[in-house]
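Remarks on the structure that follows.
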Ligand SMILES: *Cc1c(COP(=O)(O)O)cnc(C)c1O
């Protein structure tokens, strides 16, 4: 079977080919647009013909928020527009909603509404929701029944699971609404970084809790070098390219941390 995915999808880039190695699934990768979406025409063109030479298209996978596209949120309307195409061809629609709660908070909409067009949704209890471990898969009852068996096959069965489930319940009940604070702090940090010579922030960043930016072409050192200097001053940052950073705000980043990070960045960039 084949799944249509964006070429910048987490599933394509960061899961060690797991869908193929473990699921026996072939991925058809089409370009992610800058806003994290897949063009409807591209999706339609990628759906296979009924031909013994070709793997049957069974699924379309979207990602919300889209990590590699800057943590950008996809809209409810877009979800429905893809669902319409999927229905037309009798194929299923899945959402990698690792950060779906960020997507909901950023747009002021209910998670339920964002999830509704999809046949299945996954999301993380860790990351912004702060649980130490855990992810959830959501779908129809018979689908979940099959998922339980696959989980078992993959060695994912757990016994005394309540201790981790407890943290997951806290994540769902107490941590979703406060994501707005992370978005505000990301904006505040981006505003401060934007003023520092030598840093070039991506257009529109941050869309949610992620700030993406580059060192200017003229700046003589690498992002790794800058990260080492920041570390000497107790600021840890993510380097995601020769001259590129990804900074993410979360529960453990407070207002004073944002101020401190911006201050130290300024010192390193000018010193
Ligand atoms: C983190 C992440 C995943 C994987 O989540 P797990 O909880 O490790 O299974 C999948 N997709 C996206 C977009 C992610 O950011």
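Residue numbers (our numbering): 27 to 297.
Don't be surprised by glycine CBs; every beta carbon is placed ideally from N, CA and C.
Beta-carbon proximity of residue i to residue j, cut-off 8 Å
i, j, result
"residue 97", "residue 240", "no"
"residue 111", "residue 66", "yes"
"residue 160", "residue 151", "yes"
"residue 208", "residue 276", "yes"
"residue 121", "residue 141", "yes"
"residue 206", "residue 131", "yes"
"residue 265", "residue 255", "no"
Cβ distance (whole Å) where residue i is taken to contact residue j below 8 Å
i, j, result
"residue 146", "residue 162", "Their Cβ separation, rounded to whole angstroms, is 11 Å, which puts residue 146 and residue 162 out of contact at 8 Å."
"residue 115", "residue 73", "5 Å"
"residue 127", "residue 88", "Rounded, the Cβ-Cβ distance is 16 Å, inconsistent with contact."
"residue 51", "residue 83", "The Cβ separation is near 11 Å, so there is no contact."
"residue 99", "residue 233", "6 Å"
"residue 198", "residue 291", "In fact, because the Cβ distance is near 34 Å, the residues do not count as touching under 8 Å."
Residue from the options with nearest C-alpha to residue i
i, options, result
"residue 79", "178, 27 and 43", "27"
"residue 282", "214, 269 and 229", "214"
"residue 56", "43, 70, 39 and 31", "31"
"residue 54", "249, 252 and 38", "38"
"residue 95", "248, 36 and 244", "36"
"residue 279", "265, 153, 244 and 268", "153"
"residue 289", "130, 59 and 223", "223"
"residue 261", "46, 286 and 93", "286"
Bridge partner(s) assigned by DSSP for residue i
i, result
"residue 239", "227 and 271"
"residue 148", "122 and 163"
"residue 31", "55"
Problem set entry | Whole alpha helix (DSSP H) elements within the stretch 245 to 288, 4-residue minimum | 249 to 258
For this session: Entirely within the stretch 169 to 207 and at least 3 residues each: give me those beta strand (DSSP E) ranges in chain order.
Result: none
For this session: Entirely within the stretch 119 to 143 and at least 4 residues each: give me those alpha helix (DSSP H) ranges in chain order.
Result: 126 to 133 and 137 to 141
Problem set entry | Completely contained beta strand (DSSP E) runs for the stretch 52 to 83, where each covers 3 or more residues | 52 to 56
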